[in-house]
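For reference, the structure is listed below as structure tokens.
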Amino acid sequence: MNKTRIEWCDRTWNPVTGCLHRCEYCYARRIAKRFGTFLNGFKPEERGLALILNELHRLYELDKPVRDETGRVEPYPANFYPTLHRYKLDEPQGIKTPQNIFVCSMADLFGDWVPDEWIEQVFEACVKAPQHRYLFLTKNPNRYLELARAGILPEQDNFWYGTSIPTPDTLFWWSDFHNTFVSIEPMLKAFPPAEDSTVKKVGWAIMGAMTGPGSKKHQPKKAWVESFLSDAVADGIPVFMKDSLIPIVGEENMKREFPWGR
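Next comes the structure, spelled out in structure tokens:
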């Protein structure tokens, strides 16, 4: 579990890594490609990775970390293939000071390819360390609905379920029984006016601009940010604006709000 520069959380925790969405602007894929060590010619079982085969995907499970020739733990031994690092599941219990933890910042825990068993193991680990607040984020919000209907999605106050919605036509999930939020990062389009707002029922909104290679061509307009912010304020939705928006709106117009006490 690592401290992080992500402004809206204290730490990131990655018991599952890897994702199959293939978003062009994905920072996590760039990181895994840079630091990953899964090389052609290696057999997974020779590196301690248990291989799960299904019709569409390769998934990996690790009961202990993979180390390189110097003894250093390899954080992404299967690069960006979905991987369960089972040995990381007890990490939240080792930190006693309450933290806001972004769960699986290097994965989509709720992707269609992720087995229910992996998700349930992560939830169980969270329940064992109730001093923390757990923030989940997905681009597959239908999985939240499926898990809730199956009775698998915890309704605990310290669990927050987020959906990444870079455009106003992106599906997201909200619930009367769970804490939900949206992450509009990167903001790629203008959102509709208040009377057509699609996010009135969530408890929090995060906003940010695209960063990384090629991002200068995909920056949100100031008017888009101001319009969404105005609607959120009118609806009583706390908004956290990431520092990537400072060049667009100015520091004096930034909001960094949380739906809970800090």
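Residue numbers (our numbering): 1288 to 1549. The C-beta atom is built at its ideal place from N, Cα and C for all residues, glycine as well.
With respect to the 8 Å criterion, T1450 and F1464 are not classified as neighbours on the basis of their beta carbons.
Judged by their CB atoms, D1530 and E1294 are nearer to each other than the 8 Å cut-off. Residue pairing by DSSP places R1420 opposite N1387 in a beta bridge. Where R1436 is concerned, the enclosing alpha helix (DSSP H) starts and stops at 1429-1436. Here F1545 is exposed. Its C-beta has fewer than 16 other C-beta atoms within 10 Å. Using a 10 angstroms sphere on the CB of E1513, the tally of other CB atoms stays under 16, which defines it as exposed. For K1509, the closest alpha carbon among the candidates W1491, G1537, P1525 is that of G1537.
Here Q1386 is buried, its C-beta having at least 16 other C-beta atoms within 10 Å. Counting C-beta pairs with one atom in each stretch, the segment 1378-1394 and the segment 1288-1306 have three or more that are closer than 8 Å, which means they touch. Taking each of R1373, R1359, D1355 in turn and checking the Cα distance to Y1347, the smallest one comes out for R1373. Distance between M1474 and Q1506, taken at the CA atoms: about 8 Å. A straight-line Cα-Cα distance of about 17 Å links I1439 and L1424.
Assigned with DSSP and collapsed to three states, W1447 falls in strand. With a cutoff of 8 Å on beta-carbon distance, D1377 and A1412 are scored as near each other.
Annotation: the continuous beta strand (DSSP E) that includes I1471 extends over 1466-1471. Taken atom to atom, the span from the alpha-carbon of P1534 to that of I1382 is near 36 Å. Residue environment for T1467: buried (at least 16 other C-beta atoms within 10 angstroms of its C-beta). In the DSSP assignment, W1300 falls within the unbroken beta strand (DSSP E) covering 1298-1300. The continuous alpha helix (DSSP H) containing L1516 extends over residues 1509-1522.
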